[in-house]
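Protein chains in written order, with this note's numbering: chain A, 165 to 202; chain B, 14 to 490. Notes to accompany the following structure.
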Amino acid sequence: MRPTKLDRFKMQCKLYQFWRFIVLNLKILKAVDHSKRA
Amino acid sequence: MAKVAIIGAGFAGHTAAMYLGESLGKEHEITVIHKFDYFGFVPSWVWLGIDAVKAEETCFKLKPIYDRFNVNFVQGKVTSVHPEENYVVVDQANGGGEASVAYDYLIVATGAHMNYKATPGLGPDKFTESICHFDTAVKARDAYLQLIEKMKRGEKQRLVIGTGHPLAACQGAAFEYITNIHTDLTQRGIRDKADLVYLTNEPAIGDFGVGGINVVKQGGRIARGGDLIEDLMEEFGLEKGVRRGVKEVDEKKIYWEDFEGNFGEDEYDFAMLIPQSRGVTFPFFNKAGEDISSQVTNPGGFILADGIYGLSYDELVKTPDAWPANYQNPLFNNIFSAGIAFAPPGPISVPHTTKNGTTITPGAPRTGMISGVIGRIVALNIIDLVNGRRMTHRERMSEMLAVCIASNGKSLWNGQATVMIIYPVVPDHTRYDNKEGRDLFVTRVERGLAGAWLKQMVETTFMHKFRGRIGWQLIPE
């Protein structure tokens with residue numbers, strides 16, 4: 165599925181990107197938490 | 014007093030050395046053997062290859078770090094390993110002569126040996142460039158800068174970036190390099206003077222050797238991560254040469270065979286093609302002096318670990334436990350492999366053989382993150398063993414997270430990166446009840462400025478960790 169116009173807007177929007185930065189970090193930390201307990 | 018020897022000081026070896034040094038360094042003997050006297054942060058060499066970062070910013074000297082961690086450092090090249098007598102022979106750098114390093118536990122963390130010879134004409138000594146090593150990345154940068162001068166004079170140039178062997182891995186690095194070249198040429202105002210070609214052995218764009226990354230979109234729809242990559246390539250005007258295994262390179266052309274068994278060629282002015290990777294290049298000898306390498310490594314030189322080998326691809330897909338968990342060699346239990354050095358039980362991507370009998374399959378990627386995790390697991394298990402406990406740490410690639418951040422531009426204001434979060438790296442259909450065999454809450458592919466911030470954050474924190482600075486243990490691999 166190709167990015168929509170809204171997706172492209174989101175790629176440029178700094179406020180949205182700041183939100184994604186936080187979300188991506190949380191996703192990574194969720195998986196890393198499992199790894200650290202290995 | 015236990016002796017632990019580590020061959021290699023890349024992501025895996027250096028991580029293992031820091032954990033071992035901190036826990037055992039004062040009472041036991043930890044020795045790192047490495048070809049170079051520096052640690053190189055490989056992901057930054059993509060930027061080094063376009064002159065976006067200074068060479069010295071991507072490396073630091075190892076000895077001062079190891080002095081703090083009570084780890085001995087030997088700069089040299091291992092020439093043989095004697096697993097029945099527990100010693101390694103090293104040809105020391107700077108004319109230091111031959112030395113023998115005894116061990117009770119050995120970690121082989123040699124990374125990938127770039128096997129340029131597997132493709133005639135490939136490599137920095139022949140006709141193509143490589144960003145896989147520090148010195149070759151510097152050479153690639155110099156060649157790229159010469160190309161820029163030609164483009165500034167109005168000469169049109171054709172740049173081919175991708176994989177240089179039907180079995181090559183690490184497509185992510187090639188993808189990142191070509192998108193950075195696009196951004197750099199655009200900023201220099203000469204993008205119209207370059208044809209950029211992405212040549213890859215992947216079965217489809219976005220496969221990256223992990224069988225592709227499918228993600229959940231709004232409304233629960235499953236979307237192909239590769240579509241986002243294809244969209245980016247179209248936007249950047251990148252030509253695609255997919256499903257192609259490079260067979261040979263000469264001064265002007267790259268010769269390939271595609272999935273359908275057709276032969277073709279591409280002209281180029283500048284090519285950066287990633288070669289096939291091999292494991293260790295040194296032999297293993299028994300007490301009688303006989304070469305027993307075939308009992309310790311697979312035919313590619315990768316060290317056999319506690320995985321299940323010899324399964325067909327279909328069986329392997331159904332058996333995530335076939336992937337090694339503690340990376341211990343089954344024949345010599347005091348030998349561990351970390352990072353790229355361990356033998357994977359097979360590819361993650363679907364293998365393909367052409368009608369001419371050529372196998373074109375992207376190799377299983379083992380990124381810096383994966384290498385670091387394995388380095389930590391191996392170190393913690395050795396700490397357990399030295400302290401008289403049983404090994405308590407394990408993590409298969411079918412349980413492991415990987416984050417790949419392919420930047421397009423370095424700026425934190427208007428840069429971008431494609432972030433690929435893959436969990437687990439090897440799909441586990443027994444644990445995740447979906448077609449992808451992955452945790453679809455964590456697995457993501459997205460593009461934006463957040464990726465550029467994430468890339469910068471990862472580079473800064475990793476360098477902090479690898480320099481052993483305060484709180485380094487808290488930073489995940």
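Cβ atoms here follow ideal geometry from the backbone N, Cα and C, with glycine treated the same way.
Cβ-Cβ distance between residue i and residue j below 8 Å
i	j	result
B/V439	B/S420	no
B/I418	B/L467	yes
B/G175	B/L286	yes
B/L122	B/Y100	According to the sequence shown, residue 122 of chain B is Ala rather than Leu. Going by C-beta atoms, B/A122 is not nearer than 8 Å to B/Y100.
B/A392	B/A22	no
B/L324	B/G302	no
B/E97	B/N299	yes
B/N227	B/A236	yes
B/D182	B/S290	Note that residue 182 of chain B is Ala in the sequence shown, not Asp. In this structure, B/S290 lies closer than 8 Å to B/A182 by Cβ.
A/L188	B/A463	yes
B/G250	B/T213	no
B/H365	B/F221	no
B/M31	B/G381	no
Contacts around residue i, its chain only, beta-carbon distance under 6 Å, and the 5 residues preceding and following it disregarded
i	result
B/G225	G219 and G239
B/Y129	L135, G136 and P288
B/A65	K423
B/V94	V101 and F297
Chain-ordered chain A contacts of residue i [CB-CB under 7 Å]
i	result
B/G388	Result: empty, since nearest Cβ-Cβ is about 12 Å, beyond 7 Å.
B/L241	P167
B/P312	Going along chain A, no residue has its Cβ under 7 Å from B/P312, so there is no contact; the nearest lies around 30 Å.
B/P440	The contacting residues do not exist; B/P440 stays about 15 Å from chain A at best.
B/P375	Ordered by position in chain A, no residue passes the 7 Å Cβ test against B/P375, which lies about 23 Å from the chain.
Alpha-carbon to alpha-carbon, residue j and residue i
i	j	result
B/D155	B/N193	16 Å
B/P333	B/D441	6 Å
B/G292	B/G428	36 Å
B/F355	B/G277	34 Å
B/F82	B/G352	21 Å
B/D208	B/V455	36 Å
B/G314	B/V229	38 Å
B/G461	A/F185	10 Å
B/T473	B/L37	27 Å
B/R402	B/P133	50 Å
B/D304	B/D244	51 Å
B/S350	B/A318	7 Å
B/P337	B/K169	49 Å
B/H178	B/K331	28 Å
B/A430	A/Q181	11 Å
B/R201	B/W60	15 Å
B/V471	B/N85	28 Å
B/T458	B/F54	Reading off the sequence, residue 458 of chain B comes out as Val, not Thr. Looking at the two C-alpha atoms, the distance is approximately 24 Å.
B/L158	B/D197	11 Å
B/L172	B/Y268	15 Å
B/G124	B/D104	18 Å
B/R234	B/D327	26 Å
B/N346	B/E247	50 Å
B/R256	B/G376	13 Å
B/V210	B/E252	5 Å
B/Y281	B/F24	33 Å
B/R407	B/G484	23 Å
B/G562	B/I161	Here chain B comprises residues numbered 14 to 490, so residue 562 of chain B is not present and cannot be evaluated.
Cβ shell of residue i (< 7 Å), same chain only, five flanking positions each side left out
i	result
B/G137	What sits at residue 137 of chain B in the sequence shown is Pro, not Gly. If we look at B/P137 and ignore the five residues flanking it on each side, its Cβ neighbours are S143, T149 and K152.
B/C145	M127 and I287
B/Y436	L414, R451, D452, V455 and T456
B/K165	I203
B/F52	A22, H27, C72, F73, L75 and F479
B/E189	V59, A419 and S420
B/T141	L135, G177, V262, A284, M285 and L286
B/T405	D397
B/R379	G352 and I353
Amino acids of chain B, ordered along the chain, whose beta-carbon sits closer than 7 Å to that of residue i
i	result
A/F185	A463, W466 and L467
Chain A residues whose Cβ lies nearer than 8 Å to that of residue i
i	result
B/I434	L188, K191, I192 and A195
B/V416	I192
B/P378	What B/P378 touches in chain A: nothing, since even the nearest Cβ is about 17 Å away.
B/P333	The contacting residues do not exist; B/P333 stays about 15 Å from chain A at best.
B/P288	Those do not exist, as B/P288 stays about 30 Å from chain A at its closest Cβ, beyond 8 Å.
Under 9 Å from the C-beta of residue i: neighbouring residues of chain A
i	result
B/V455	K191, I192, K194 and A195
B/R460	P167, D171 and M175
B/P337	Going along chain A, no residue has its Cβ under 9 Å from B/P337, so there is no contact; the nearest lies around 13 Å.
B/P77	Correct list: empty, because the minimum Cβ distance to chain A is about 28 Å.
Residues near residue i by beta carbon distance below 8 Å, same chain, minus five either side
i	result
B/N107	Q88
B/V17	L33, L37, H41, E42, I43, T44, Y116, D117, Y118, L119, I120, I395 and V399
B/A15	L37, H41, E42, D117, Y118 and V399
Start-end ranges of the alpha helix (DSSP H) lying completely within the region 253 to 341 of chain B, minimum 4 residues: With a minimum length of 4 residues, the continuous alpha helix (DSSP H) runs that stay inside the region 253 to 341 of chain B are 306 to 309 and 326 to 331.
Minimum length 4: unbroken alpha helix (DSSP H) runs contained in the region 143 to 217 of chain B: You should have 147 to 165 and 184 to 201.
Runs of beta strand (DSSP E) wholly within the region 399 to 462 of chain B (minimum 3 residues, chain order): 415 to 421, 429 to 435 and 457 to 461
Alpha helix (DSSP H) runs wholly inside the region 60 to 142 of chain B, at least 4 long, in chain order: 76 to 81
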